[in-house]
Amino acid sequence: MTKQASELKPILFVVTSNAVKGATGIPTGFNLAEITHPLEKLQAAGLQVEYASPLGGAAPLDGLEDMNDPVIAHYWADADFRHAIAHTLCLDDVDPSRYSAIFFAGGHGTMWDFPDSVAAQKAIREIDAAGGIVSAVCHGPAALVNARRADGSLLVANKRVAAFTDGEEEEVQSTHVVPFLLASTLNERGAHHQNAANWADNVVVDGRLITGQNPQSAASLGEALRDALLA
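Here the sequence shown is numbered in this note's numbering, starting from 38 and rising by one per residue.
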């Protein structure tokens, strides 16, 4: 029996608060396509979304947004959406029991503030323990590298995952900019990272863990998250 969207708690979308690539001074933030493309799929199904970030308030854009993208253009013209991402909840203030799923969007900024966020780890642990879904795309899985289940085990251990690949990091000349290589680190944590070709649409579903490789995977991740929630 399939669920109705109206029966489900909202999905918590989490974006970075970090606006600079470490000591380089290079601006960064969250990737707008990785919010809007999944959002379109989820909202079309009647699912509700709320937004949070480690510091709360206005989250920085990474500057890579294509305003000619019709999905981005649609949401950028939407006053409610613009207000929501300018007034994100602070993760410290979030009650994880209010959500059916959590989704971590990417953008290079995540590599500095997601991995050690105690509030992000708490939200992941509690949503997972309640039978909810944990999802992330591109650099969003940075939130998963130190996340643990309620029993203390690493969330990604023995799980198939997708995330921004070491090859993609090399192609955007950020191998020596980021504090660690995401795909390699996930493997070090016991995950089985599923590499696809650079910029391929690649989403991996392993139980209640749903991850995607890059911005090109964001819409497909939204579809996978929708389908899992409504199953």
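Just so it is clear, CB atoms sit at the ideal spot from N, CA and C, and this is done for glycine as well.
Remember, it's a predicted structure, so these values are computed and weren't measured experimentally.
- In terms of CA proximity to Thr-222, Val-198 leads the group Ala-56, Val-198 and Asp-243.
- Assignment of Ile-161 by DSSP, reduced to helix, strand and coil, places it in the helix class.
- Excluding residues up to 5 positions away in sequence, Ser-54 lie with their Cβ nearer than 6 Å to the Cβ of Leu-92 in the same chain.
- Distance check between Met-148 and each of Val-52, Leu-101 and Ile-139 places Val-52 closest, using alpha-carbon atoms only.
- Taking a cut-off of 8 Å for Cβ pairs, the stretch 133-145 and the stretch 153-172 touch, as three or more such pairs fall below it.
- Fewer than three pairs of CB atoms, one per stretch, sit closer than 8 Å, so the stretch 111-123 makes no contact with the stretch 180-198.
- The residue among Ala-42, Lys-40, Gln-41 and Ile-48 with its C-alpha nearest the C-alpha of Ile-164 is Ile-48.
- Residue Ile-63 holds the alpha-carbon nearest to the alpha-carbon of Gly-100 among Ile-63, Val-155, Ala-200 and Asp-150.
- Remark: fewer than three beta-carbon pairs, one from each stretch, lie closer than 8 Å, so the stretch 76-89 and the stretch 228-241 are not flagged as touching.
- Per DSSP, Val-131 lies in no alpha helix (DSSP H) and is assigned neither H nor E.
- Inter-segment contact for the stretch 199-216 and the stretch 245-265 is present: three or more beta-carbon pairs are separated by less than 8 Å.
- With a threshold of 16 other beta carbon atoms within 10 Å, Ser-43 falls short and is exposed.
- Looking only at Lys-58, Lys-78, Phe-50 and Ala-81, the smallest Cα-Cα distance to His-213 is reached by Lys-58.
- Within the same chain, Cβ atoms closer than 8 Å to the Cβ of Ala-157 are found at Val-51, Pro-91, Leu-128, Phe-141, Phe-151, Ala-180 and Ala-184, the five residues on either side in sequence being excluded.
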